[in-house]
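For the sequence shown, my numbering gives the first residue as 382, with consecutive numbering after it.
Please read the structure below before turning to the comments.
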Amino acid sequence: MSRSILEQITEEYPDETFLYPTGFEDCVVGVEMDNLILVMDANKIIDKLIAEDDMTEIDAIEHFDYNIAGSKGEGFPIYIYIPNE
Numbered sequence: 382m383s384r385s386i387l388e389q390i391t392e393e394y395p396d397e398t399f400l401y402p403t404g405f406e407d408c409v410v411g412v413e414m415d416n417l418i419l420v421m422d423a424n425k426i427i428d429k430l431i432a433e434d435d436m437t438e439i440d441a442i443e444h445f446d447y448n449i450a451g452s453k454g455e456g457f458p459i460y461i462y463i464p465n466e
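Structure (structure tokens):
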């Protein structure tokens, strides 16, 4: 079984503590190199909220915006939107 992106990052930077919303480890897509902050895919998070929490798309987007992306602080992840092709 292959290692997740988060596992690869934490193995590469064993002395760092990375912050991310619990339950969304599989939504990590990389690390910002200047400050060693996780980068997370907003679409994956929203899709996971829809699939696992039985939310509508609108509810999932609102939940993401207010409760996840709205949480700010030092070391908090960067959320990116990757358009579908």
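Even glycine gets a Cβ: it sits at the ideal position worked out from N, Cα and C.
Pair within 8 Å by beta-carbon distance, residue i and residue j
i, j, result
"GLU468", "LEU387", "Not covered by the structure: residue 468. The range shown for the chain is 382 to 466."
"LEU400", "VAL409", "no"
"ILE431", "ALA441", "yes"
"MET421", "PRO395", "no"
"ASN424", "ILE463", "yes"
Closest Cα partner of residue i within the set the options
i, options, result
"ASN416", "ILE427, ASN424 and GLU397", "GLU397"
"ASN465", "GLU433, ASP428, GLU392 and TYR447", "ASP428"
"GLY404", "GLU433, GLU455, ILE439 and GLY456", "GLU433"
Three-state secondary structure assigned by DSSP to residue i
i, result
"ILE459", "strand"
Practice problem: With a floor of 3 residues, list each beta strand (DSSP E) that falls wholly inside the segment 395 to 452, ordered by position along the chain. | Solution: For the segment 395 to 452, whole beta strand (DSSP E) runs of length 3 or above, ordered along the chain, are 409 to 413 and 418 to 422.
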